[in-house]
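Chains A and U are the protein sequences, given in the same order.
For the first sequence, my numbering begins at 6 and goes up steadily by one.
For the second sequence, my numbering begins at 9 and goes up steadily by one.
Ideal Cβ positions, reconstructed from N, Cα and C, are used throughout, including at glycine.
All remarks here apply to the structure that follows.
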Amino acid sequence: MKFRRDVESTKGLKGKFCKGLQALRPVDRRRLAVENRSRLVGSADIDSALISHFPDAPRWDYVVGYKKNVPEVMLYWIEVHPADGNRTITEINNKFDWLLGWVAGTRLHRYPKRYCWVSSGKCSFTARDPKIKALAQRGLDFRGEYLRIGHED
Amino acid sequence: MTTLKVRNVGPIREADIQFGDLTVFVGPQASGKSILLQWLKLVLDVEPIKKQLADYGTDWERDTEKFLEAYFGEGMGQIWSEKSQIILDNKPFNLKTKLRRRPRTKSTQERVFLAPAQRVLTLRDGWPRPFSDFNPGDPYVVRAYSEKIRNLMENAGGSTALFPRKKRMKSEYRNMLDKSIFSGFALEVEKVKAQKRLILRAAGKAGSLPFMVWSAGQREFIPLLLGLYWIMPSTKLTKRDEYDWIILEELEMGLHPRAVSTMLMLVLELLHRGYRVCLSSHSPQVLELVWAWQRLKDHDAAPERLADILGAKKTPGIGTVVNDALQKQLRVYCFDHNAPVRDISALDIDARNRDKLEASWGEMLSFSERANRAVAESAVEGASE
Chain A
6 MKFRRDVEST KGLKGKFCKG LQALRPVDRR RLAVENRSRL VGSADIDSAL
56 ISHFPDAPRW DYVVGYKKNV PEVMLYWIEV HPADGNRTIT EINNKFDWLL
106 GWVAGTRLHR YPKRYCWVSS GKCSFTARDP KIKALAQRGL DFRGEYLRIG
156 HED
Chain U
9 MTTLKVRNVG PIREADIQFG DLTVFVGPQA SGKSILLQWL KLVLDVEPIK
59 KQLADYGTDW ERDTEKFLEA YFGEGMGQIW SEKSQIILDN KPFNLKTKLR
109 RRPRTKSTQE RVFLAPAQRV LTLRDGWPRP FSDFNPGDPY VVRAYSEKIR
159 NLMENAGGST ALFPRKKRMK SEYRNMLDKS IFSGFALEVE KVKAQKRLIL
209 RAAGKAGSLP FMVWSAGQRE FIPLLLGLYW IMPSTKLTKR DEYDWIILEE
259 LEMGLHPRAV STMLMLVLEL LHRGYRVCLS SHSPQVLELV WAWQRLKDHD
309 AAPERLADIL GAKKTPGIGT VVNDALQKQL RVYCFDHNAP VRDISALDID
359 ARNRDKLEAS WGEMLSFSER ANRAVAESAV EGASE
């Protein structure tokens, strides 16, 4: 599997592949810690790229490719979103539903992956919160304010 | 604010503790939490401790190590070395000098009430053991606690009912304790021939349940309840004036989370009565309360929210207690082997990259985080297959 080719061949993502973490807004990039940057294979800003295709959809933010076990590329589907109340749980669930539906129709679906929610501000949830556990049951991992790529996987 | 500095004492390399109204110590086993709490008591109560030990025939021959063996328990004399230091409010505590003086003959009042983690050992056959019933090598705090609750029981008068009992705690607490721990049973003193013992009795039934058939949680809790009776004498007399500090070690022991909530509500009551409270704990629930409590203070939240967390009814009595609680200062410290004791009072879960220990509440959240991750990843992997 070639991450760059598969990004570029996805409808709406042509020309959206970026090296390293360049697809991420600087403020969001600061929320990521990468164990080995040479293993980063690229990223794409899904939210911006698909705005014209899905203007009213709760679009997901980013995908980042990382060679976790060379040569296998692990995709990190990352949503940077507030985590400061029950309303945000509903929002993140809607976004996650949209992502699963959208990605199922792309070649990116075939990659090993992690779905991660990174808080864009103060967190009002702990790992013990049943709502966070309910998201985990769906496959979405709440990582607090920082996502450590490669460190703990 | 009281500060205690400890250097090179047993497993504690370095600790700088600023006590709040409520102070919580967390950390793995044998990392020094209990030792530090016992030092706090020793520093503040050295004279009454010396007196009680001497009254029961302990002679430490002015030797620090022998005294520490008598106080902390057999084998613990070596926690003190030439490099050890204890400094209370910037004044060095010189134990050697204190031990040179003979114990005072007049009774001296304690300032610190300490309910030790080993409190279950205070009851034998359902009755508190006297100080002299323990081995000389048993920790002083266990022996002294047992003696204190034994005195309370011996001087309880003719009444046989211990729980529920009117004018002992607010009715709201009695109801919470009944629901979470006693489940309709009453705690009573029963006489078998001349021997008194504590028993549990189902409402309206003649038969009694002796100590050995109580649940583990009841066995852990009942010695603590008797201690709480000591420091909460009646609803009218709110505080024993001589005591400033209450130390409760591992209040969660053996208890279901609902009962832990009840215990935490009683901690709020102790604060309301004007005591300063120190807890050691292995319970994430305790830290979860402190975490929420700090944030409710930050948000200037309605006090009832604190009652909500603890499952307490919103009566005027509880309202006063939770309102008062939101004015209190809270501190949390994390102990670890061969590492300085860390102030993690903010319990800031946002601190992930900067301060992993604080973000994981001294690793109390680590298990949940790992469990969440394993479930999330397996859900994704399972769906891909």
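Where do the N-terminal and C-terminal ends of the alpha helix (DSSP H) with residue i fall, by residue?
i: S53 of chain A; result: I51 to A54
i: Y181 of chain U; result: S179 to L185
i: I43 of chain U; result: K41 to D63
i: G319 of chain U; result: Neither: G319 of chain U is in no alpha helix (DSSP H) and is coded neither H nor E.
i: V14 of chain U; result: Segment T11 to V17 is the beta strand (DSSP E) holding V14 of chain U; no alpha helix (DSSP H) there.
i: A139 of chain A; result: P135 to R143
Based on the DSSP output, what are the partners of residue i in its beta bridges?
i: D97 of chain U; result: Its beta-bridge partners do not exist; DSSP assigns none.
i: L30 of chain U; result: U:V285 and U:L338
i: W253 of chain U; result: U:V120 and U:R284
i: F8 of chain A; result: Per DSSP, none; premise fails for F8 of chain A.
i: H86 of chain A; result: A:S124
i: W222 of chain U; result: Looking at the DSSP assignment, W222 of chain U forms no beta bridge with any residue, so it has no partner.
i: M79 of chain A; result: A:Y71
Step through the CB atoms of chain U and report whether any lies within less than 8 Å of the CB of residue i.
i: G149 of chain A; result: yes
i: D89 of chain A; result: no
i: L145 of chain A; result: yes
i: R133 of chain A; result: yes
i: I137 of chain A; result: yes
i: F22 of chain A; result: no
i: Y71 of chain A; result: no
i: N98 of chain A; result: no
i: R92 of chain A; result: no
i: Y120 of chain A; result: yes
Going by CA-CA distance only, name the one from the options that's closest to residue i.
i: T31 of chain U; options: U:R182, U:R339, U:S42 and U:D133; result: U:R339
i: V383 of chain U; options: A:R119, A:S129 and A:Y151; result: A:R119
i: R108 of chain U; options: U:D71, U:R21 and U:G262; result: U:D71
i: L129 of chain U; options: U:N143, U:K322, U:V330 and U:L50; result: U:N143
i: T168 of chain U; options: U:K204, U:P241, U:P19 and U:M184; result: U:K204
i: G57 of chain A; options: A:K16, A:V75 and A:R115; result: Checking the sequence shown, residue 57 of chain A turns out to be Ser, not Gly. Ranking the options by Cα distance to S57 of chain A, first place goes to A:K16.
i: S154 of chain U; options: U:L234, U:E258 and U:I207; result: U:L234
i: F147 of chain A; options: A:V69, A:D102 and A:H86; result: A:H86
i: Q117 of chain U; options: U:S368, U:D252 and U:E385; result: U:D252
i: E90 of chain U; options: U:L50, U:L297 and U:E73; result: U:E73
i: A23 of chain U; options: U:V388, U:C342, U:L365 and U:V149; result: U:C342
i: L278 of chain U; options: U:A214, U:K336 and U:A267; result: U:K336
i: P63 of chain A; options: A:C23, A:T95 and A:L113; result: A:T95
What's the call for residue i, buried or exposed, on a 16-neighbour Cβ count within 10 Å?
i: P147 of chain U; result: buried
i: H345 of chain U; result: exposed
i: L45 of chain U; result: buried
i: L245 of chain U; result: exposed
i: P60 of chain A; result: exposed
i: P270 of chain U; result: Before going on, a small fix: residue 270 of chain U reads as Thr here, not Pro. Its Cβ being crowded by 16 or more others within 10 Å, T270 of chain U is buried.
i: P124 of chain U; result: buried
i: K174 of chain U; result: exposed
i: F375 of chain U; result: exposed
Is any beta-carbon of chain A found at less than 8 Å from that of residue i?
i: L265 of chain U; result: Residue identity differs from the one stated: residue 265 of chain U is Pro in this sequence, not Leu. It does not: the Cβ of P265 of chain U has no partner Cβ on chain A nearer than 8 Å.
i: N361 of chain U; result: For N361 of chain U, the predicted model reports a pLDDT of 47, less than 50, meaning its position is unreliable and no value from the coordinates is stated.
i: E366 of chain U; result: no
i: A387 of chain U; result: yes
i: A384 of chain U; result: yes
i: N380 of chain U; result: yes
i: I317 of chain U; result: no
i: L373 of chain U; result: yes
Determine the extent of the beta strand (DSSP E) in which residue i is found, giving its start and end residues.
i: K246 of chain A; result: Given that chain A is displayed from residue 6 to residue 158, the structure contains no residue 246 of chain A and the question cannot be resolved.
i: A109 of chain A; result: Note, A109 of chain A: premise wrong, no beta strand (DSSP E); not H, not E.
i: L170 of chain U; result: A169 to F171
i: K72 of chain A; result: Y67 to N74
i: F75 of chain U; result: First-last for F75 of chain U: T72 to F80, but that is the alpha helix (DSSP H), not the beta strand (DSSP E).
Compute the minimum distance between the beta carbon of residue i and the heavy atoms of the ligand FAD, and state whether it is under 7 Å.
i: M84 of chain U; result: For the structure depicted, the ligand FAD is absent and the ligand set is empty, with no information on it obtainable.
So that I know if they touch, is there some Cβ in chain C lying closer than 8 Å to that of residue i?
i: Q142 of chain A; result: In the structure shown, chain C does not exist; the protein chains are A and U.
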